[in-house]
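S.K.: Residue numbers (our numbering): 20 to 461.
#1: Measuring only the C-alpha atoms, how far is residue 328 from residue 297?
#2: Going by DSSP, what residue range makes up the alpha helix (DSSP H) through residue 412?
#3: Nearest to residue 142 by alpha carbon, out of 49, 310, 212, 111?
#4: Might you give, ordered along the chain, the residues of its own chain that have their beta carbon closer than 7 Å to the beta carbon of residue 203, omitting 5 neighbours on each side?
#5: Can you tell me where the alpha helix (DSSP H) holding residue 287 begins and where it ends?
#6: Within the continuous beta strand (DSSP E) that includes residue 109, where are the two ends?
#7: In angstroms, rounded to a whole number, what distance separates the CA positions of residue 200 and residue 80?
#8: For residue 435, which three-state DSSP category applies?
#9: Out of 194, 347, 181, 121, point me to the one whose CA is closest to residue 148's CA.
#10: Excluding the 5 residues preceding and the 5 following residue 432 in the sequence, name in chain order all residues of the same chain whose CB lies nearer than 7 Å to its CB.
#11: Could you spell out where the beta strand (DSSP E) holding residue 84 opens and where it closes?
#12: What are the start and end residues of each continuous alpha helix (DSSP H) run of 4 or more residues lying completely inside the segment 145 to 210, in chain order?
#13: Which first and last residues belong to the beta strand (DSSP E) in which residue 127 is found?
#14: So is residue 198 buried or exposed if we call it buried at 16+ other beta carbons inside 10 Å?
#15: Less than 8 Å between the beta carbons of residue 350 and residue 282, yes or no?
#16: Who are residue 100's beta bridge partners in DSSP?
#17: Which residue comes first and which comes last in the alpha helix (DSSP H) that contains residue 323?
#18: So, using beta-carbon positions, are residue 52 and residue 23 closer together than 8 Å?
#19: Which residue wins for smallest C-alpha separation from residue 355, given the options 379, 103, 293, 423?
#20: Could you please give me the residues that DSSP links to residue 363 through a beta bridge?
#21: Using a threshold of 8 Å, state whether the C-beta atoms of residue 289 and residue 252 are closer than that.
#22: Flag this pair as yes or no: are the beta carbons of residue 162 and residue 97 separated by less than 8 Å?
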């Protein structure tokens, strides 16, 4: 067996055998297959797809490419994963809230992928924060604190770590088999027994349509349930940035603002809904209503913010940022982007906004790029708002005046105004469980 014959089969749309998949996964993990051949295979998979059996085989082989943890964390280890979006800071809100309610959040996150932000990049904007920890330390923090959020270790799903980085820079992000296998292989390897998936739909999502997002959710729930995990998927809206802040340190700030009671809005609402699913899936609460009451109590009492402080401290970070957000990296230039016409904000191109943040330095264009944790922007208006000429629609946090001016037009290009009132963007579309799909109304 060799990689050329595997490439030939997938190029022609033929299904790969379990043995072929195991061969190239091993080559990705140990480095014996070079990047250029893996990239060619990723593109062939993106163009020609994989059937359900291939996708399941790929998921399990990637999970088994390194260590498989079975951690004792004093409860059911629960994880949440988003398929990616813009201003999607739910992990930093819900992980400490769920932990404050007695959950055990064993969270392995990724870096930015394409136009979407990465939780690990966000956490690294906290001074001293360590996101690469030995497995035993990771598990110990979850056992003692209740939550830990770390990057993918070299020992856990190493094949995925390499393929993930290649997908980011080769336009192969939006492939259901590659997304499913990447997400679930990490969850299985890290030992999560309950998994809540946040599958995005809308202009800022990886998947192009609501139907494709629901198909992705179904595929992951099917594979996860067959692997013996308690798994639920929420299909949520990404028609505009979920939070108002986009950029690494800015998103940490917004999460702190929510946990401290200074901010609310769509990011808070979606975080609470996802958190309620985590508490039910892990058996901490019996019903969604009970779970939501527990989460709101943890929010209102300050217990959620305290858990975030404990997690940051346990991972070597400066928890003073939770009391003084000015200790987070600050961009030298604040630049207001002003509307050039009157009208209702009717549409936001989330992908264009995500790429604007990436080009500011908040994300990577090539896998060797260094992220600037301070840059990004704050959206001052949301879909449905009426805007007058000269109103500030966005405040840029830029590295330079030139960088800000280059970004200004990209922001304006992402916004569409109308003369008639526009409805607010939808936040929640569907709840997908092994037994079926339930439409959500919000």
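We put the beta carbon where it would ideally sit given N, CA and C, even for glycine.
M.R.: Taking the coordinates as given:
#1: 21 Å
#2: Per DSSP, residue 412 is not a residue of any alpha helix (DSSP H); the beta strand (DSSP E) it occupies stretches across 411 to 417.
#3: 111
#4: Apart from the 5 residues on each side of it in sequence, residue 203 sits with its Cβ closer than 7 Å to the Cβ of 78, 239, 242, 243 in its chain, given in chain order.
#5: 285 to 300
#6: From DSSP, residue 109 is part of no beta strand (DSSP E) but of the alpha helix (DSSP H) over 109 to 119.
#7: Distance between the alpha carbons of residue 200 and residue 80: 9 Å.
#8: Strand.
#9: 347
#10: 371
#11: Per DSSP, residue 84 belongs to no beta strand (DSSP E) and is neither H nor E.
#12: 154 to 164, 177 to 187, 195 to 209
#13: 123 to 127
#14: The residue is buried, with at least 16 neighbouring Cβ atoms inside 10 Å.
#15: no
#16: 216
#17: 322 to 333
#18: no
#19: 423
#20: 405, 437
#21: no
#22: no
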